[in-house]
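Colleague: All you need for the numbering used here is the position in the first sequence, starting with 1, plus 405.
We treat Cβ as the ideally placed atom computed from N, Cα and C, and that holds for glycine.
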Amino acid sequence: MRFSTMFIPTVRETPSEAEAISHKLMLRAGYVRQLAAGLYIYLPLGLRVIEKINRILREEMNAIGAQEITMPVLHPAEVWQETGRWDAIGDEMFRLKDRTGRDMCLGMTHEEIITWLASREIRSYRDLPQIWYQIQTKLRDEARPKSGVLRTREFLMKDSYSFDIDEDGLEKSYQLHADAYHKIFSRCGLKFYMVESDPGMMGGATAHEFMAPSPAGEDEVALCDSCRYAANVELARSTPKASEERNWAFEEVSTPEKRTVQEVSSFLNLKPEYFIKSILVLSNSGPVLALVRGDQELHEKKLSKIIGEHRPAHKDEVKEILGVEAGFIGPMNHKIRIIADPCLKQGVYVSGANKPHYHAKGITPSKDFDAEWHDIHVAKADDFCPKCNAPLRIEHTIEAGNIFKLGTKYSVPLKASYLDENGQEKSIIMGSYGIGPARIAAAAIEQNHDKDGIIWPKSIAPFDVEILPLNMNDKNTVNVAEKLYQDLIKKDIEVLMDDRDERAGVKFKDADLIGIPTHIVLGEKNLKEGLIEIKDRKTKEAEKVAIEEVVGRVKDRIKN
RNA sequence: CGGGGCGUAGCGCAGUCUGGUUUAGCGCACCUGCUUUGGGAGCAGGGAGUCGGAGGUUCAAAUCCUCUCGCCCCGACCA
Numbered sequence: 406m407r408f409s410t411m412f413i414p415t416v417r418e419t420p421s422e423a424e425a426i427s428h429k430l431m432l433r434a435g436y437v438r439q440l441a442a443g444l445y446i447y448l449p450l451g452l453r454v455i456e457k458i459n460r461i462l463r464e465e466m467n468a469i470g471a472q473e474i475t476m477p478v479l480h481p482a483e484v485w486q487e488t489g490r491w492d493a494i495g496d497e498m499f500r501l502k503d504r505t506g507r508d509m510c511l512g513m514t515h516e517e518i519i520t521w522l523a524s525r526e527i528r529s530y531r532d533l534p535q536i537w538y539q540i541q542t543k544l545r546d547e548a549r550p551k552s553g554v555l556r557t558r559e560f561l562m563k564d565s566y567s568f569d570i571d572e573d574g575l576e577k578s579y580q581l582h583a584d585a586y587h588k589i590f591s592r593c594g595l596k597f598y599m600v601e602s603d604p605g606m607m608g609g610a611t612a613h614e615f616m617a618p619s620p621a622g623e624d625e626v627a628l629c630d631s632c633r634y635a636a637n638v639e640l641a642r643s644t645p646k647a648s649e650e651r652n653w654a655f656e657e658v659s660t661p662e663k664r665t666v667q668e669v670s671s672f673l674n675l676k677p678e679y680f681i682k683s684i685l686v687l688s689n690s691g692p693v694l695a696l697v698r699g700d701q702e703l704h705e706k707k708l709s710k711i712i713g714e715h716r717p718a719h720k721d722e723v724k725e726i727l728g729v730e731a732g733f734i735g736p737m738n739h740k741i742r743i744i745a746d747p748c749l750k751q752g753v754y755v756s757g758a759n760k761p762h763y764h765a766k767g768i769t770p771s772k773d774f775d776a777e778w779h780d781i782h783v784a785k786a787d788d789f790c791p792k793c794n795a796p797l798r799i800e801h802t803i804e805a806g807n808i809f810k811l812g813t814k815y816s817v818p819l820k821a822s823y824l825d826e827n828g829q830e831k832s833i834i835m836g837s838y839g840i841g842p843a844r845i846a847a848a849a850i851e852q853n854h855d856k857d858g859i860i861w862p863k864s865i866a867p868f869d870v871e872i873l874p875l876n877m878n879d880k881n882t883v884n885v886a887e888k889l890y891q892d893l894i895k896k897d898i899e900v901l902m903d904d905r906d907e908r909a910g911v912k913f914k915d916a917d918l919i920g921i922p923t924h925i926v927l928g929e930k931n932l933k934e935g936l937i938e939i940k941d942r943k944t945k946e947a948e949k950v951a952i953e954e955v956v957g958r959v960k961d962r963i964k965n
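1) Over what stretch of residues does the alpha helix (DSSP H) that includes W491 continue unbroken?
2) Nearest to G957 by alpha carbon, out of D892, G713 and Q580?
3) Name the residue from V666, G691, A731 and V729 whose alpha carbon lies nearest to the alpha carbon of E702.
4) Could you tell me the distance, in whole angstroms, from the CA atom of Y566 to the CA atom of I519?
5) Over what stretch of residues does the alpha helix (DSSP H) that includes T882 continue unbroken?
6) Buried or exposed for E422, please, with buried defined as at least 16 other CB atoms from any protein chain shown within 10 angstroms of its CB.
7) Use the C-beta contact count for R844: other C-beta atoms within 10 angstroms, 16 or more gives buried, fewer gives exposed.
8) Using a 10 Å radius around the Cβ and a threshold of 16 neighbouring Cβ atoms, would you call A795 buried or exposed?
9) Assuming E517 and W537 make a contact with CB atoms under 8 Å, what is their CB distance in whole Å?
10) By the three-class DSSP mapping on this structure, what secondary structure does G728 have?
11) In the DSSP assignment, find the alpha helix (DSSP H) that holds S578 and state where it starts and stops.
12) Can you tell me whether DSSP reads Q829 as helix, strand or coil?
13) Using only CA atoms, which one of K646, D915 and I461 lies nearest to T415?
14) Using a 10 Å radius around the Cβ and a threshold of 16 neighbouring Cβ atoms, would you call Q751 buried or exposed?
15) With distances taken between CB atoms, is the gap from Q541 to H515 smaller than 9 Å?
16) Which same chain residues end up closer than 8 Å to H428 when comparing Cβ atoms and leaving out the 5 residues on each side of it in sequence?
17) Excluding five sequence neighbours on each side, which residues of the same chain lie with their C-beta closer than 8 Å to the C-beta of D496?
18) Using DSSP with H/G/I as helix, E/B as strand and the rest coil, what is T660?
19) Where does F913 sit, in a helix, a strand or coil, going by DSSP?
20) Excluding the 5 residues preceding and the 5 following E347 in the sequence, name in chain order all residues of the same chain whose CB lies nearer than 8 Å to its CB.
21) Let me know the secondary structure DSSP gives A947 once reduced to three states.
22) Using 8 Å as the Cβ pair cut-off and three pairs as the minimum, do the segment 706-720 and the segment 752-767 touch?
23) Rounded to a whole number of angstroms, what is the C-alpha to C-alpha distance between D569 and A610?
24) Based on the DSSP output, what are the partners of V955 in its beta bridges?
25) What does T802 pair with, by DSSP beta-bridge criteria?
26) Out of L501, R558 and R460, which one is the CA nearest neighbour of I443?
27) Short of 6 Å in beta carbon distance, which residues of its chain neighbour K733, apart from the five on each side in sequence? Order them along the chain.
28) If contacts are defined as beta-carbon pairs under 8 Å, then S659 and Y763 qualify, I think. What distance do you get, rounded to the angstrom?
29) Would DSSP call Q486 helix, strand or coil?
30) Tell me the residue span of the beta strand (DSSP E) that contains S709.
31) For L727, collect the residues of the same chain with a Cβ closer than 6 Å to its Cβ; drop the 5 residues on either side in sequence, then sort them by chain order.
32) Exposed or buried, what is S643 when buried is set at 16 or more other beta-carbons lying within 10 Å of its beta-carbon?
33) Of the choices G512, G506 and L479, whose alpha-carbon is the least far from that of I494?
34) With distances taken Cα to Cα, identify the nearest neighbour of L673 among K766, M466 and V693.
35) Pairing CB atoms from the segment 585-597 with CB atoms from the segment 847-859, are three or more of them under 8 Å?
36) Straight-line CA distance for F868 to R460?
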């Protein structure tokens, strides 16, 4: 393609709404434009990147025997009502009515639709297994679209669904996907981790996420470099560092107006890990006191798995239920249910004394209070790995893909069943697997850029090479560039030629911004000596090559 | 949905506190001409703005008040 005729609106200054690096660079380099919050237009360069990614997705999905189909974006409510998600999902679903008043929604995901299909078409164990996929637009009325293309209300997703006769079959399909995903993310040039994840509302027991490390990511994962334990902090387990031994006798100490662990800790000059943090929550079955160590955070999701839905108690509720104002509550002498993190089993602690402006020092768990012991803390850096006890790291990541074992969550309500060898009717066992191409693109930029712009991995760059004829008024430059352009195209190399009548500086700046991996620079002086520069976008290193050797050299570079 | 910030030319911003000095200004981009041509050129000339919208206060509003819409950030939420 010729730069002069391709629509590549680069801008020097970053629009003020952009914060994330990928967002800034995609705007500046002319890849996308924002229509409204969470709605993006992909310009020619941006589309080329997405298509490159989609091609890799298709190749790897086809390689595991998945078959591409396409399903509607507009869905009738009935199918969603049958699985209960019409009611379970709240404002995040775009809902509308057709002209006859029939309830409809825009697809956030396609489990319902594909299961509907399977329920009508699959009858025998001979029809299984199947893996069907599509690359289709999803719509979600996100509470907070953010970070450019990373979290949007409308986005493309490669979603595949597996159908098997039993758990073993599902395990195979799941593993096929895990392997395919490793290949996909590797081919796209991403650094990534496969981590254990919370199956959440998708149902099922097992789920993993493919996470691309980046400060722009909203998810945190706990990682063990020693045994490769990797889990989203939403469910990561960890063993906190043991706190030092103390021999405190029980005593009450005056702590006027000191309520938070931080306040009391600095007032008494004792580390937060010597404290018990007591948090009162209200569950459907009554109030529960949750205890974690002072240096820990209470993990709401872990607690939910034990006591069900709950919310923190308000200040007046604390006083009413425990008889003390918040800030001075301790675990002793309460009749309500107490859940405590296991790390509190060892040691003696400081906590509220259950009377205003006093804390109690020398509390011995199990002796001074009883509790049910469950892991309810948030894993943090320098905690120890639950599997091998090595220290954990915490990293910010972008969720680029996920895989779920669904089981029969959708096949039962939608009656997707088959007859086995014995003529018995059984529910199909399903899995669901997603990848967001835009997130791959954004993560690639987050992981590969410098102060001048994007540095695309070769596999997903919009073009293989960019030709920069520096002086378009020099006939020789133009002639050589034109020939080179044609020769490269004949070799099936994707070329962008900056044939604009711009100054050299402008071309260099734009080329760096856009981030095509290899640049071919045609300068007047070099050409007189029969030489052309081949420059690497990432290292900025340039080699001078004889004109006739350029095509060969470029081909070599693209392969490597 | 809670907290915060912003909305002035295509983009980035100043002006708003303290109303009138401005026919609303600057840089970049854009158009014309000449010069220039290896890291976002120089000179000269030019086009472009209902100051997000509505209502109000006032002799007078980009500026003060009320409401409203939009965008961004933090949190909640996230199949």
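Modeller: Quick look at the numbers:
1) Bounds of the alpha helix (DSSP H) holding W491 are R490 to A493.
2) The option with the nearest alpha carbon to G957 is D892.
3) Nearest C-alpha to E702: V666.
4) Linking Y566 to I519 through their CA atoms gives a straight-line distance of about 8 Å.
5) For T882, the enclosing alpha helix (DSSP H) begins and ends at K880 to K895.
6) Around the beta carbon of E422, a 10 Å sphere encloses fewer than 16 other beta carbons of the protein chains shown; the residue is thus reported as exposed.
7) Burial check for R844: the Cβ neighbour count within 10 Å reaches 16 or more, so the residue is buried.
8) It counts as exposed.
9) The C-beta separation of E517 from W537 comes to about 14 Å, leaving the pair out of contact by the 8 Å criterion.
10) Reduced to three states, the DSSP call for G728 is coil.
11) Here the alpha helix (DSSP H) through S578 covers E572 to R592.
12) Note: Q829 maps to coil in three-state DSSP.
13) The shortest C-alpha separation from T415 is found at D915.
14) Label assigned to Q751: exposed.
15) Closer than 9 Å, so yes.
16) The residues S552, G553, V554, L555 and A847, in chain order, have a CB closer than 8 Å to that of H428 in the same chain once the five nearest residues on each side in sequence are set aside.
17) For D496, where only same-chain residues beyond five positions count, the Cβ hits under 8 Å are D546 and A548.
18) The answer is coil: DSSP assigns T660 none of H, G, I, E or B.
19) Collapsing the DSSP output to three states places F913 in a helix.
20) Look at the range of the chain in this structure, 406 to 965, and you will see that residue 347 is not part of it.
21) Strand, per DSSP.
22) Taking 8 Å as the limit for Cβ pairs, the verdict is that the segment 752-767 does not touch the segment 706-720.
23) Cα atoms of D569 and A610: separation of roughly 16 Å, rounded to the nearest angstrom.
24) V955 is not bridged by DSSP to any residue.
25) T802 is bridged to P618 and D624.
26) For the record, residue 443 in the displayed sequence is Gly; it is not Ile. Among L501, R558 and R460, the Cα nearest to that of G443 is on R558.
27) Residue identity check: residue 733 is Phe in the sequence provided, not Lys. Excluding residues within five positions, the ones whose Cβ falls inside 6 Å are G757 and P761.
28) Separation of the CB atoms of S659 and Y763 is rounded to 6 Å, and the pair is thereby assigned contact status at 8 Å.
29) Reduced to three states, the DSSP call for Q486 is helix.
30) Annotation for S709: no beta strand (DSSP E) segment contains it, though the alpha helix (DSSP H) segment containing it runs E705 to I712.
31) Excluding its 5 nearest sequence neighbours in each direction, L727 has C-beta neighbours in its own chain below 6 Å: I734, listed in chain order.
32) The residue in question, S643, is buried, as its Cβ has 16 or more Cβ neighbours within 10 Å.
33) The shortest CA-to-CA distance from I494 to any of G512, G506 and L479 is the one to G512.
34) Closest by alpha carbon: K766.
35) At 8 Å Cβ cutoff, the stretches touch.
36) Each residue's alpha carbon lies about 14 Å from the other.
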